[in-house]
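Residue numbers (full-length UniProt numbering), protein chains in the order written: chain S, 1 to 242; chain R, 1 to 233; chain H, 1 to 268; chain C, 1 to 44.
Below is one structure, written out as structure tokens, with a few remarks after it.
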């Protein structure tokens, strides 16, 4: 697969197609606790949306809801044209979720992990190897069992699995956590390539300086609600204030 | 569906091949239960007479340990969530995991059979070999289907370690009864009357029929029910 | 928000009998009160007939009186599990996925387990008197014990939590699986018992010659316990509805607190 | 004599447990009902 040269972040005046994510007053509960208490959000195709906000604000639940893992208690939610109330499973082929846990099999080697997750999404061996090389995992590291990797290396392996899935909607929950400097550069490059290939990305992160460089829009999630920030303070390419 | 099943089965067996946890821990556990039974029952005529029952009891207890292991692998690093997000056909996951579980069970049963012959001086009538193999195959597939189905149900639950035996043991009762009676028909102690006076090989076959029904019913039920169960785990 | 407990349609004229007035609860309505009174009358009637009026049996003497309790509880237990299986199927296969079916399944299972326990206890006591042994591996008894353990597991799964819909779907699937297991277990135990030559003891009541009055008392028992079952399911299902409402009401309160939380956040 | 004792146990046990279950049920319903507004209950 020929390396795609990084495309500058698309301008925000993208044609208003059907929104990739459309949430209206969504309530979702974790046990008894209303993690999402009437959140509303709309994300257009190709956007890189940064979710800012304190811990326990509901960011993780919001991402898991968009991935169809959390049932909707109230409100309406549509992802990639599918109504989450009636059919949560249909969207899952097109969605890639990177949560706090990496979802790796400790006993299997890096290559076997990425091959397994890639195969489940129908990726060919070529794409799997490309994902490995892109994350710098194709050398000696590929044969090391995932259990023996450092946190950063496990994050990269999880990212490689994500790339091999070629998802249209990326849901990244604090992807920078645990990555060293060049790991973060790799991550930003991966996100840019994904957007270049037409994916939409939702990033929940506390690393604001780095994430802002990528984000086309920033919203704050607090108390289970989404508060839209004014779009002008997003996107380094428009010289937005920090 | 079958592609996913092969994929998941290969992954499970790959994990077992790498970690060797089943071979190093579960197989000795099964052998140990045979020895403990011998201690408890003390006299040889008794153990020889109930050898088939002890064989399937040891297999059933090992089944619980194997099922807990196969789903612990999934929940260890959140792979269960990633499996759901992968959007693969749940029936494929079910069949894959059942296949891997069945493979491990067959290896376990082969060793147990040797153990039973050695420890309990049981003797399989030459004509009974076919019955033993067919019974073992059907009972194993039944146990694997039921184990994977209820393992999936209990996988995400909080008290899953104690919930699984409570759910699984009543359900495997028919297999325990059927497989043991079929084995009794195949076994025969050296000299002396058979396990039960006048038990012929042919008496075993109706039980094999029942085991086949059990495996078929739970195979179909699993394919249908595993998806919704995995969804809520 | 305190709610007075008005009885929306207090039945003018017919003052509800003392018993039902004491039990007036939020879940009772005209119909449930009538059902409750009828059940009470029939149960009292059963006790009188069972203990006093019906003649002792020639062979079993007065131990046959246990039959008037044992057989109805067994009948209700099997009825309850039938209802649970049916409503589980209704919940799963109806597009509406209405939680009412799930509540009926849960209520019926809970009551079924209680009746099943009573059946096992009274059965073994009766067995002690008639056969001299508390338990016999008889096909019906074994299946009953198996059902009891299966539905204890079902209730354990119901308490696993998660949203109401998640609980409902998981319980419904397990409810159907339990129904599939019943014939399998019964068939295998039946086949197993046929191996043993001694007379397979069908049921202690098998060798009791039923004359008019005994049959009548048994009949009263069946009716009384069936009505009691429906009355209990009715109330239990409504109590579950209120508990779910209670959870949702909790949810509204929690939502209000949650939103208040954001105000301090944005002000801070 | 033992027959009568067993019979008494059966009757007392069955009726006692059913009665206690019913009262627990109604009490729990009343407690849960305190919050729900009684007008919109589906069965009234």
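Just so you know, even glycine gets a beta-carbon here, dropped at the ideal spot from N, CA and C.
C-beta neighbour in chain H for residue i, strict 7 Å
i, result
"residue 24 of chain C", "no"
"residue 142 of chain R", "no"
"residue 12 of chain C", "no"
"residue 7 of chain C", "yes"
"residue 37 of chain S", "yes"
"residue 211 of chain R", "no"
"residue 171 of chain R", "yes"
"residue 221 of chain R", "yes"
"residue 167 of chain R", "yes"
"residue 215 of chain R", "no"
"residue 178 of chain R", "yes"
C-alpha gap between residue i and residue j, whole angstroms
i, j, result
"residue 254 of chain H", "residue 66 of chain S", "23 Å"
"residue 192 of chain R", "residue 206 of chain R", "With a pLDDT of only 39 at residue 192 of chain R, under 50, the local geometry of the prediction cannot be trusted, and the value read off the model is given with reservation. Near 25 Å, if we compare the C-alpha coordinates of residue 206 of chain R and residue 192 of chain R."
"residue 200 of chain H", "residue 32 of chain S", "Caution is warranted here: a pLDDT of 41 is assigned to residue 200 of chain H, below 50, making its placement in the model unreliable, and no coordinate value can be reported."
"residue 197 of chain H", "residue 228 of chain R", "Reliability of the predicted coordinates at residue 197 of chain H is poor, the pLDDT of 48 falling under 50, and the value obtained from them is presented with this limitation in mind. About 45 Å."
"residue 167 of chain S", "residue 81 of chain R", "16 Å"
"residue 8 of chain R", "residue 105 of chain S", "12 Å"
"residue 42 of chain H", "residue 151 of chain H", "28 Å"
"residue 192 of chain S", "residue 198 of chain S", "10 Å"
"residue 177 of chain H", "residue 155 of chain S", "40 Å"
"residue 138 of chain R", "residue 89 of chain S", "33 Å"
"residue 230 of chain R", "residue 90 of chain R", "8 Å"
"residue 190 of chain H", "residue 182 of chain H", "12 Å"
"residue 165 of chain R", "residue 130 of chain S", "45 Å"
"residue 173 of chain H", "residue 70 of chain H", "30 Å"
"residue 64 of chain R", "residue 74 of chain R", "16 Å"
"residue 112 of chain S", "residue 171 of chain S", "23 Å"
"residue 172 of chain R", "residue 79 of chain S", "42 Å"
"residue 116 of chain R", "residue 183 of chain R", "12 Å"
"residue 149 of chain H", "residue 43 of chain R", "33 Å"
"residue 5 of chain R", "residue 60 of chain R", "24 Å"
"residue 145 of chain R", "residue 11 of chain R", "18 Å"
"residue 116 of chain S", "residue 167 of chain R", "31 Å"
"residue 134 of chain R", "residue 212 of chain R", "10 Å"
"residue 57 of chain S", "residue 205 of chain S", "12 Å"
"residue 140 of chain H", "residue 74 of chain H", "10 Å"
"residue 48 of chain S", "residue 214 of chain S", "7 Å"
"residue 76 of chain S", "residue 122 of chain S", "31 Å"
"residue 168 of chain H", "residue 109 of chain H", "13 Å"
Residues bridged to residue i [DSSP beta-bridge criterion]
i, result
"residue 220 of chain S", "S:52, S:227"
"residue 259 of chain H", "According to DSSP, residue 259 of chain H bridges with nothing at all."
"residue 82 of chain S", "S:79"
"residue 24 of chain S", "S:76"
"residue 37 of chain S", "S:27"
"residue 242 of chain H", "DSSP lists no partner for residue 242 of chain H."
"residue 187 of chain R", "R:124"
"residue 109 of chain S", "S:145"
"residue 43 of chain S", "S:21"
"residue 149 of chain H", "In the DSSP output, where bridge partners are listed per residue, residue 149 of chain H has none listed."
"residue 96 of chain S", "S:170"
Within-7 Å CB hit, residue i to chain S
i, result
"residue 197 of chain H", "Low confidence applies here, because residue 197 of chain H scores a pLDDT of 48, under 50, leaving its location unreliable and the question unanswered by this model."
"residue 251 of chain H", "yes"
"residue 254 of chain H", "yes"
"residue 261 of chain H", "yes"
Min CB distance residue i to chain R below 7 Å
i, result
"residue 149 of chain H", "yes"
"residue 224 of chain S", "no"
"residue 112 of chain H", "no"
"residue 86 of chain S", "no"
Cutoff 7 Å: residue i Cβ touching any chain C Cβ
i, result
"residue 39 of chain H", "no"
"residue 61 of chain H", "yes"
"residue 69 of chain H", "yes"
- Message: Runs of 4 residues minimum, wholly inside the stretch 49–137 of chain R: which ones carry the alpha helix (DSSP H) assignment?
- Response: 79–85, 90–120
- Message: For the stretch 71–101 of chain H, list every residue whose C-beta sits within 8 Å of some C-beta in chain S, in sequence order.
- Response: none
- If you measure beta-carbon to beta-carbon, which residues of the stretch 8–24 of chain R are closer than 7 Å to chain S? 11, 14, 15, 18, 19
- Would you mind listing the alpha helix (DSSP H) stretches within the stretch 45–127 of chain H that are 4+ residues and don't spill past its ends, in chain order? 67–93
- Listed in chain order, which residues of the stretch 58–74 of chain R have Cβ atoms closer than 7 Å to some Cβ of chain S? 73
- Residues of the stretch 73–92 of chain R whose Cβ lies closer than 7 Å to any Cβ of chain S, in chain order: 73, 76, 77, 78, 79, 81, 82, 84, 85, 86, 87, 88
- Message: Short of 8 Å Cβ to Cβ, which residues in the stretch 170–193 of chain H face chain R?
- Response: 170, 173, 174, 176, 177, 180, 181, 184, 185, 187, 188, 189, 191, 192
- Every unbroken alpha helix (DSSP H) within the stretch 138–202 of chain S, with a cutoff of 4 residues, ordered by chain: 151–165, 181–196
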